[in-house]
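First residue of the sequence shown: 9, per the numbering used here; consecutive thereafter. Just so it is clear, CB atoms sit at the ideal spot from N, CA and C, and this is done for glycine as well. Everything below concerns the one structure shown next.
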Amino acid sequence: NMQRFLNDQASVYFQDGGRHFFYVAGAAGADADITWTSALTIANNGDVTVDTGNLVIPTADKGISFTGGTDPDTSGTATGNILNDYEEGTFTIGWAGATFSSVSHTTAHYTKIGNMVYFHHYNNGMTISSTLGGATLTGLPFTSSSTTHSYGQFTIVYNNSIDGSSPGGYVHTNNTIGTFVDLDNNATASWINTSGAYIMVQGFYQV
């Protein structure tokens with residue numbers, strides 16, 4: 009076994025059969041045997057395996073490039089090939105267009121992959137009164153794209169809070185809000201004055 013000269017971290021690299029191996033070890037006392045942990049392996053076919061820890065890309069807007077591929081759809085044009093963001097988290101969702109009370113759950117969840125944000129939320133038991141107009145959700149975690157016609161969409165899958173048999177709605181461009189719409193006529197939907205209200209919503213939009 010290898011032993012330490014100093015009380016410090018250690019690393020080692022070696023090759024075998026065209027493969028490359030990187031090992032690391034935490035700090036320990038001088039003269040102690042070194043216990044190695046595989047950190048990174050490069051196979052002789054070019055495959056790279058991160059055995060310990062994460063692949064960290066600290067530079068903003070940099071990521072994993074997929075430029076070696078070709079556009080699968082000949083009628084389309086690729087505008088980006090770099091996966092430069094991934095994030096999971098929560099945000100505080102809000103509602104507008106009425107007065108809301110007894111709101112017990114305002115935490116919503118999101119996943120951001122590249123320039124797309126996916127979100128979902130469920131709220132039940134709230135009281136809705138004094139409806140003021142269009143039903144709106146607020147507080148989305150990222151400002152949506154300002155590109156013309158790049159509206160995001162969301163759907164309702166469980167609901168007694170919105171009128172007009174609303175199937176969901178759309179996320180405004182360059183904003184963090186969404187508007188519910190009625191079924192068939194696309195008019196802005198309204199909240200229903202009720203207690204014990206519940207709503208389950210999920211959607212996605214571009215940033």
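Review point. Which residues in the same chain have their Cβ closer than 6 Å to the Cβ of residue 100, if we skip the five residues on either side of it in sequence?
Key: 114, 147
Check your understanding: By Cβ distance, which residues of its chain are closer than 6 Å to residue 102, with the 5 residues on each side in sequence left out?
Key -> 146, 147
Point to revise | Segment contact, 8 Å Cβ cut-off, at least three pairs: the segment 50-61 with the segment 69-76 | key: no
Exercise for review: Please confirm whether residue 166 and residue 208 have their CB atoms less than 9 Å apart.
Suggested key: yes
Check your understanding: Sorted by chain position, which residues of the same chain lie with C-beta nearer than 6 Å to residue 126's C-beta, five sequence neighbours on each side aside?
Key -> 119, 212
Review point. Would you call residue 182 buried or exposed, if buried means 16 or more other Cβ atoms sit within 10 Å of its Cβ?
Key: exposed
Check your understanding: Going by the beta-carbon positions, is the gap between residue 197 and residue 171 smaller than 9 Å?
Key -> yes
Check your understanding: CA-CA distance, residue 210 and residue 203?
Key -> 22 Å
Practice item. With a cut-off of 8 Å on the beta carbons, I'd call residue 199 and residue 106 a contact; round off their distance for me. Key: 4 Å
Practice item. Quick one: residues in its chain with C-beta nearer than 6 Å to the C-beta of residue 26, no 5 flanking neighbours on either side, listed in chain order? Key: 52
Review point. For residue 210, which three-state DSSP category applies?
Key: strand
Exercise for review: With a threshold of 16 other CB atoms inside 10 Å of the CB of residue 160, please say whether the residue is buried or exposed.
Suggested key: buried
Check your understanding: Do you know whose CA, among 23, 19, 46, lies nearest residue 36's CA?
Key -> 19
Check your understanding: Do you know whose CA, among 155, 39, 110, lies nearest residue 135's CA?
Key -> 110
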